[in-house]
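Protein chains: 2
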Amino acid sequence: MARKRTKPGKIRLTEVAKLAGVSPITASRFFRTPEALSINKRVRVESAAKELGYVPNLAARALASQRTEVIGVLIPSLTNNVFSDVLRGIYDAVDGSRYSIQLANTRYSILQEEKLLRVFLAQKPAGLIVTGIDQTPESRSLMETTDCPIVQLMEIGENPVDMMIGFSHAEACHAAISHLLDQGCRRIGFLGARMDPRVQRRFLGYQQAMKDAGLTDPRLVVTTPLPTSVTLGGTLFADLLAKAPDTDAVFCANDDLALGVLFECRRRQISVPEQMMISGFNDLEFMASSVPTLTSVRTNRYEMGRNAAAMVIEAIEGRRPEKRVVDLGFTVVVRQSSVRPGQASRAGTAQQTAAE
Amino acid sequence: MARKRTKPGKIRLTEVAKLAGVSPITASRFFRTPEALSINKRVRVESAAKELGYVPNLAARALASQRTEVIGVLIPSLTNNVFSDVLRGIYDAVDGSRYSIQLANTRYSILQEEKLLRVFLAQKPAGLIVTGIDQTPESRSLMETTDCPIVQLMEIGENPVDMMIGFSHAEACHAAISHLLDQGCRRIGFLGARMDPRVQRRFLGYQQAMKDAGLTDPRLVVTTPLPTSVTLGGTLFADLLAKAPDTDAVFCANDDLALGVLFECRRRQISVPEQMMISGFNDLEFMASSVPTLTSVRTNRYEMGRNAAAMVIEAIEGRRPEKRVVDLGFTVVVRQSSVRPGQASRAGTAQQTAAE
DNA sequence: CCATGGCATGGTAGCGCTGTCAATAGTTCT
DNA sequence: AGAACTATTGACAGCGCTACCATGCCATGG
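One line per chain: the protein sequences are A and B, in this order. Mind the numbering: the first sequence is residues 942 to 1297 in our numbering, read in order. Mind the numbering: the second sequence is residues 942 to 1297 in our numbering, read in order.
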């Protein structure tokens, strides 16, 4: 007894093939390797598909072909605007291609990341984009065992699992501190929130720069595991001033903190930059329009996301990029908050630091 | 001649069933309707699955069952932090459930939305979350024809396609304007960017409040189709002052603009709130820590996302919520930027406006 | 003229799972 | 005790597509 599970109105590949007067397998080829068909059939299948409004069944395709057209993306946070820029780049790059994005949030936990990685890999993704270079050993071996292209995002470092795109957080921070030192600052504080691996590397850059200048002082460092916020910037800055009242500049590991510091300075009648210089990190949009405008380190977040997705797609399609590690660099954008008023001509100048 | 496409090491449901000593279909039921199994088999299948590290093949499941466990989400922007809060809520609600999210970006285009809707519906999602109530007629009929649960997000209005969660943007804005009127403002400007449907409804709330007070003046309105930014806030405010130099308060359709206005006031030595009162919209985190602190209208974005996803899941599983339209309300959070210094006691007070 | 090889096309047999129905075992009721 | 159920389990046949192999066709060359 034949069951009738197929709804009559449903458009399958078979229907397209019938209308086009070809076999189903030929119609199937039209969607996978159109160049293998004769022009004649190609046109016929195409118009038949269009006429019927055919939409392929991705589940059937995935089951039969043993692979999907899904790129898995693992990011640590949905709140942090840094990642919304990256995501926008990823989605833009994938838009119009045959691939789709499967997004998951690790919440800054590498164990959670490992768990999600297992889930993703079980579904045989076409490619994978992960954040950072600090995975658990298990995650690493999972990634090394799989054969799908993988991009590690946001940072560069030794031993890429496969491909890598990002920049050196330590160098970027080092450059910002060097700029503050150039401006004559000697008591430069470091404010950091969340302290994820990337923030920690920025801290290393700070430490190195201060050590090179012989200005290290643990009282100048205030960090917290709490997630970043503008309010927190003010709080950390207050802590810093309590520990080191002679602070003459603050490097904030991200821009939210820097804005909070700016407001706290205003609250305490500390003039910026005369009494206190400020630098943020990431160069979010508002840094350019605050009063005074705020120095920051521009990172190419959108481009990172966009290129990461593009690299994965290239690799999926067999055109592995020759450069497996891409350094997108950074730019110290000097603004009013870190320039002596006399030297105002320098404010607004971008001091480019080349990639590698 | 039997082809060997199955890799030997692969763990399928059959392998689990064999180890558990049951038929494959019984093992299958363990994952769908465990309560239909005897305790004995349930335990055996469970331990067998665990021992083998079985992970179900979602493509096969989707193909056989003719449905997926994917909830499609259509949002207009990945940049706007309003949506990152909503998304966080959605992902949190879905986390730990069997469902996963498929996200797509309409870029504020209802035609793009319609296109994405077709793609989504072709894959038979378990549920759908769409932004707003302004779909094309085609989108609407697509949504009405399908049988999967749908939540319209961010707003409430007449004729829900299915379910709805949000708040009245017009009322929320009206409440903010009423507050400014209470403070004695008479020349209240309106700044709006992007002018998507929700911003337009806020504008209607502004217009109504001004009309009721007999204070309407087209010179007080400055809008642009450009996307919002802090810098743009300053620019629009400059335009406003050029058109209406006697402006005594500004309502900004979102918080970025409000921050830009605050900085522009500082640049022009306009004191806030003495010479100019400011209100934003959305109550992003920084509004509470600027100097002066900025009045805004708090909207429950995270809760909106979280509840939307929860509602969809409930409906998918047959427990349709009795309330199909959920008004999450809003709160006018009065801060220093909109209170006469003498009345400072009121600043920081939340003036709740109940939902419905 | 027929062997050879490359190209376009078709046939067959699944991919791993679940919907439907049937069968069996256990229980309750008259 | 026998009928009528219910709870549990199993058999079978696909879901819509593609991998693999086979076929037919034509051009080429000895």
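Positions of the beta carbon are idealized from the N, C-alpha and C atoms, including for glycine.
Residue i, buried or exposed, once every other Cβ within 10 Å from all chains shown has been counted against 16
| i | result |
| --- | --- |
| Q1093(A) | buried |
| V996(A) | exposed |
| T1077(B) | exposed |
| F1222(B) | buried |
| K1264(A) | exposed |
| N1100(A) | exposed |
| V1071(B) | buried |
| R1260(B) | exposed |
| Q1210(A) | exposed |
| K951(B) | exposed |
| K982(A) | buried |
| G1175(B) | buried |
| T974(A) | exposed |
| A1183(B) | exposed |
| I1016(A) | buried |
| Q1277(A) | buried |
| I1074(B) | buried |
| P1159(A) | exposed |
Alpha-carbon to alpha-carbon, residue j and residue i
| i | j | result |
| --- | --- | --- |
| P1282(B) | V1102(A) | 59 Å |
| P1138(A) | Q1148(A) | 15 Å |
| S1212(A) | E1112(A) | 29 Å |
| G994(A) | A1063(B) | 10 Å |
| E1054(A) | K1152(B) | 54 Å |
| A977(A) | F971(A) | 8 Å |
| A1288(B) | N1046(A) | Its pLDDT being 49, under 50, A1288(B) is placed unreliably in this model, and the value from its coordinates should be taken loosely. Answer to the nearest angstrom: the Cα atoms are 37 Å apart. |
| L1121(A) | I1219(A) | 9 Å |
| R1127(A) | G1201(B) | 32 Å |
| Q1082(A) | E1096(A) | The question names Gln, but residue 1082(A) is Ser in the sequence shown. Going by the C-alpha atoms only, they are around 19 Å apart. |
| S979(A) | R985(A) | 10 Å |
| M1105(B) | P1090(A) | 40 Å |
| D1196(A) | N1021(A) | 11 Å |
| Q1141(A) | L1225(A) | 20 Å |
| P1262(B) | T1009(B) | 21 Å |
| L1181(B) | D1268(B) | 33 Å |
| V1191(A) | L1167(A) | 19 Å |
| A943(B) | R953(B) | With a pLDDT of only 38 at A943(B), under the threshold of 50, the placement of this residue in the model should not be trusted, and no figure is reported. |
Residue i, enclosing alpha helix (DSSP H) - first and last residue
| i | result |
| --- | --- |
| T1086(B) | P1078 to T1086 |
| V1023(A) | N1022 to V1035 |
| M1104(A) | No alpha helix (DSSP H) contains M1104(A), which is instead part of the beta strand (DSSP E) from M1104 to F1108. |
| V1163(A) | Note, V1163(A): premise wrong, no alpha helix (DSSP H); beta strand (DSSP E) at V1162 to T1165. |
| R1143(A) | P1138 to D1153 |
| R1059(A) | I1051 to A1063 |
| L993(A) | I980 to L993 |
Reduced DSSP category for residue i - H, G, I as helix; E, B as strand; rest coil
| i | result |
| --- | --- |
| V1305(B) | Residue numbering for chain B in the displayed model covers 942 to 1297; residue 1305(B) lies beyond these limits and cannot be assessed. |
| T1272(A) | strand |
| F909(B) | Because chain B is modelled from 942 through 1297, residue 909(B) falls outside the range shown and cannot be assessed. |
| I1091(A) | strand |
| A1251(B) | helix |
| Q1277(B) | helix |
| L1200(B) | helix |
| L1004(B) | helix |
| V1232(B) | coil |
| N1046(B) | strand |
| E1010(B) | coil |
| R970(B) | helix |
| E976(A) | helix |
| E1263(B) | coil |
| S1286(B) | Unreliable positioning characterises S1286(B) in this predicted model, as indicated by a pLDDT of 48, which lies under 50. The coordinate reading is nonetheless provided below. The answer is helix: DSSP assigns S1286(B) an H, G or I state. |
| K951(A) | coil |
Terminal residues of the beta strand (DSSP E) in which residue i lies
| i | result |
| --- | --- |
| A1134(B) | I1129 to A1134 |
| I1219(B) | M1218 to S1220 |
| F1192(B) | A1190 to C1193 |
| S1237(A) | S1237 to T1240 |
| V1071(A) | G1068 to T1072 |
heavy atom of the ligand HEM below 7 Å from residue i C-beta
| i | result |
| --- | --- |
| R1143(A) | In the structure on display, the ligand HEM does not appear, and there are no ligands present to speak of. |
Problem set entry | Segment contact, 8 Å Cβ cut-off, at least three pairs: the segment 1230 to 1249 of chain A with the segment 1017 to 1029 of chain A | yes
Exercise. Quick check: the segment 1027 to 1040 of chain A against the segment 1029 to 1039 of chain B, are there 3 or more CB pairs under 8 Å?
Worked result: no
For this session: Spell out a yes or no on whether the segment 1001 to 1014 of chain B and the segment 1000 to 1009 of chain A are touching, meaning 3 or more CB-CB pairs, one atom from each, closer than 8 Å.
Result: yes
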